[in-house]
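Trainee: Each residue of the sequence shown is one higher than the one before, counting from 1089 in the numbering used here. We put the CB at the ideal spot given by N, CA and C, even for glycine. Note that the structure is a prediction, hence the values are computed from the model and not measured.
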Amino acid sequence: LGERRQAWTVLLTGERLAPQNPSVALAQGRWHMDQRNYREAISSFDRTIALQPNLPNAYALRGLAWEKLGQWEPASRDFTRVAQLIPWSGRPYLSLAAARRRMGDAAGERAALEAGKAKAITERDQIQARLDALSGAGAP
1089 LGERRQAWTV LLTGERLAPQ NPSVALAQGR WHMDQRNYRE AISSFDRTIA
1139 LQPNLPNAYA LRGLAWEKLG QWEPASRDFT RVAQLIPWSG RPYLSLAAAR
1189 RRMGDAAGER AALEAGKAKA ITERDQIQAR LDALSGAGAP
């Protein structure tokens, strides 16, 4: 408990000394995620995005926080933004596909995976495995 309190004190000091620094807001959001304070994390990531609108990590982490709260639509929007910012990474397409699946949007899930297959250079095997599973090719 003492270490957590000390870490939070450091983050608050950082915010006081550099209130316009998106790295401080991002670190606070990560801290809230670690504490499972997802609404507070979202607030910190909102602040991060306001300060630096093209920071993929802020959208990805906010999407994860929305996911933890079972809020698939805002999670989907954030993962879509991450895919726009770093189209070469397969991770946002996989996260977007999972959110779409949770929303009951099979077409959206497939579209996210197809976009990832076309654009991403990482996680290609995982993307293809999910597409195969959707097509029944991966079924026993």
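Look at the Cβ atom of A1200, then the Cβ atom of L1184, and state whether they are nearer than 7 Å.
Mentor: Working through the sequence shown from its first residue, we reach residue 1200 at position 112. Working through the sequence shown from its first residue, we reach residue 1184 at position 96. In contact: A1200 and L1184 (Cβ atoms closer than 7 Å).
Trainee: Find out if the Cβ-Cβ distance for the pair F1167, R1150 is shorter than 7 Å.
Mentor: One-based indexing of the sequence shown puts residue 1167 at position 79. One-based indexing of the sequence shown puts residue 1150 at position 62. No, these two residues do not count as a Cβ contact at 7 Å.
Trainee: Taking all protein chains shown into account, do 16 or more other C-beta atoms lie within 10 angstroms of the C-beta of A1206, making it buried, or fewer, making it exposed?
Mentor: Looking up residue 1206 in the sequence shown gives position 118. Result: exposed.
Trainee: Take P1144 and list the residues in its own chain whose beta-carbon comes closer than 6 Å to its own, dropping the five residues that flank it on each side.
Mentor: Numbered from 1 along the sequence shown, position 56 holds the residue referred to as residue 1144. For P1144, where only same-chain residues beyond five positions count, the Cβ hits under 6 Å are V1170, L1173, I1174.
Trainee: Could you check where the alpha helix (DSSP H) with A1187 kicks off and where it finishes?
Mentor: By one-based count along the sequence shown, residue 1187 stands at place 99. Unbroken alpha helix (DSSP H) run through A1187: 1179 to 1190.
Trainee: Exposed or buried, P1141, counting other C-beta atoms within 10 Å across all chains shown (16 or more means buried)?
Mentor: Position 53 of the sequence shown, counting from 1, holds the residue named residue 1141. It counts as exposed.
Trainee: Just reading off the alpha helix (DSSP H) that I1130 is part of, what are its end residues?
Mentor: Reading the sequence shown from its first residue, position 42 is the one you call residue 1130. From DSSP, the alpha helix (DSSP H) with I1130 extends over 1126 to 1139.
Trainee: Quick check on this structure: which residue in M1121, A1138, A1208 has the alpha carbon closest to the alpha carbon of W1176?
Mentor: Mapped onto the sequence shown, residue 1176 falls at position 88. Comparing Cα positions, the closest option is A1208.
Trainee: For G1158 versus Y1181, is the C-beta spacing smaller than 7 Å?
Mentor: Taking the first residue of the sequence shown as 1, we reach residue 1158 at position 70. Taking the first residue of the sequence shown as 1, we reach residue 1181 at position 93. Against a cut-off of 7 Å, the Cβ pair of Y1181 and G1158 comes out as no contact.
Trainee: Which first and last residues belong to the alpha helix (DSSP H) in which Q1214 is found?
Mentor: As a first step, residue 1214 is located in the sequence shown; it is residue number 126 there, counting from the start. Residues 1212 to 1223.
Trainee: If you draw a straight line from the C-alpha of G1224 to the C-alpha of A1113, how long is it?
Mentor: The sequence position of residue 1224 within the sequence shown is 136, counting from 1. The sequence position of residue 1113 within the sequence shown is 25, counting from 1. Cα to Cα, the separation comes out at about 43 Å.
Trainee: Drop a sphere of 10 angstroms on the beta-carbon of A1195, count the other beta-carbons inside from all chains shown, and report buried for 16 or more, exposed for fewer.
Mentor: Position 107 of the sequence shown, counted from the start, is the residue given in the question as residue 1195. That one is exposed.
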